[in-house]
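Chemist:
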Amino acid sequence: MNDRKGNVVLAAGSASHLGPGKVNSEIKRLADGEISLQLKTDVSDSEVIVIGSTQPPADNFLELLMLLNTAVQQGAKKT
Numbered sequence: 005m006n007d008r009k010g011n012v013v014l015a016a017g018s019a020s021h022l023g024p025g026k027v028n029s030e031i032k033r034l035a036d037g038e039i040s041l042q043l044k045t046d047v048s049d050s051e052v053i054v055i056g057s058t059q060p061p062a063d064n065f066l067e068l069l070m071l072l073n074t075a076v077q078q079g080a081k082k083t
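When we follow this note's numbering, the leftmost residue of the sequence shown carries the number 5, and every step to the right adds one.
#1: Assuming I55 and S18 are in contact, meaning their beta carbons sit under 8 angstroms apart, how far apart are those beta carbons, in whole angstroms?
#2: Hey, out of N28, E51 and R33, whose CA is closest to L22's CA?
#3: Taking the alpha-carbon positions, what's the V13 to S57 distance?
#4: Would you list the one or two residues that DSSP bridges to K81?
#5: Does S48 pass the burial test, meaning 16 or more other C-beta atoms within 10 Å, or should it be called exposed?
What follows is the structure, given as structure tokens:
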């Protein structure tokens with residue numbers, strides 16, 4: 005579970021119901037406007053459920069896609 009903007013309550017409730025917990029991440033805006041995303045929790049060989057918003061602004065959707073991509077790159081299982 006991840007608790008990106010606007011999804012904190014939903015992610016926390018889902019994580020406590022499904023277990024084992026939340027994945028912490030960090031998103032930064034670089035000086036040139038680029039978005040940097042890092043997962044602070046090891047997700048390798050784990051099933052991951054990503055909860056995110058696709059509502060405007062478009063950055064919400066972009067961050068959701070980046071989060072999915074990063075989780076897969078770091079070894080999360082594809083189900």
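By construction, the Cβ of each residue, glycine as well, lies at the ideal position given by its N, Cα and C atoms. Quantities reported herein were computed from a predicted structural model and do not represent experimental measurements.
Modeler: Based on what the coordinates show:
#1: One-based indexing of the sequence shown puts residue 55 at position 51. One-based indexing of the sequence shown puts residue 18 at position 14. Indeed they touch by this definition, with Cβ atoms about 7 angstroms apart.
#2: Here residue 22 refers to the residue found at position 18 of the sequence shown. Checking every option, the nearest Cα to that of L22 belongs to E51.
#3: The residue you call residue 13 lines up with position 9 of the sequence shown. The residue you call residue 57 lines up with position 53 of the sequence shown. Approximately 13 angstroms, taken between the alpha carbons.
#4: For the purposes of this step, residue 81 is taken as residue 77 along the sequence shown, with counting starting at 1. E51.
#5: The residue given as residue 48 occupies position 44 in the sequence shown. Burial call: exposed.
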